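This report refers to the structure that appears directly beneath it.
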Amino acid sequence: MSVLQVLGNVLWIIFGGLFSAIGWFLAGIVCYISIIGIPVGKQCFKFAKMVLCPFGKVIDYGNMGSGSIVLNVIWVLLCGLELALSSVVMGITCCVTIVGIPFGIQHFKFAMLALTPFGARIRNKEMV
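If you number the sequence shown the way this note's numbering does, the last residue is 154 and the count never jumps.
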């Protein structure tokens, strides 16, 4: 991980990333209340961890099977829409200033993730 990515992650936590991670964590706790929601809760905890250090990570969408599509629809109806809307609002707020644009882009990335978390794969960004 480069120095810029570490600096970006530290600033990210200070300027809104912690709130996003708490949102994903709370969604995971809500999902764990029922036995049926445990796989969804595991996904939420995985993304909460990723939301804390987003710089240097890439999200690949494309492993969508029929199970992922069904889970994504249920997810959007239960928790995903709220997480996506909060990420969009925080992204717009960050993009108002020039300095906050990189953080706003990360929030928009998480808004997309909040709408389709199943079938998404997180990987480290390749260094060129």
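All residues carry an ideal CB built from backbone N, CA and C; glycine is no exception. Here the structure is a predicted model, which means the values were calculated and not measured.
Residues of its chain near leucine 97, where Cβ-Cβ distance is below 6 Å and the 5 sequence neighbours each way are ignored
These residues qualify, in order along the chain: Phe144.
Measure the alpha-carbon distance for tyrosine 87 versus tryptophan 101 and round it to whole angstroms.
C-alpha separation (whole angstroms): 16 Å.
Pair within 9 Å by beta-carbon distance, glycine 42 and threonine 142
No, these two residues do not count as a Cβ contact at 9 Å.
Measuring CB to CB, does isoleucine 48 end up less than 9 Å from alanine 74?
Yes, they are a contact pair.
Starting from the Cα of leucine 52, find the closest Cα among Cys105, Ile39, Met116 and Ile85 and give me that residue.
Among Cys105, Ile39, Met116 and Ile85, the Cα nearest to that of leucine 52 is on Cys105.
Using DSSP's beta-bridge definition, name the partner residues of asparagine 89.
Its beta-bridge partners do not exist; DSSP assigns none.
Could you pull out every residue in the same chain whose Cβ sits closer than 6 Å to the Cβ of cysteine 121, ignoring the five residues on either side in sequence?
Here the set comprises Ile127 and Gly130.
Nearest-angstrom Cα separation, counted from tryptophan 50 out to glycine 67:
One Cα belongs to glycine 67, the other to tryptophan 50, and the distance between them is close to 9 Å.
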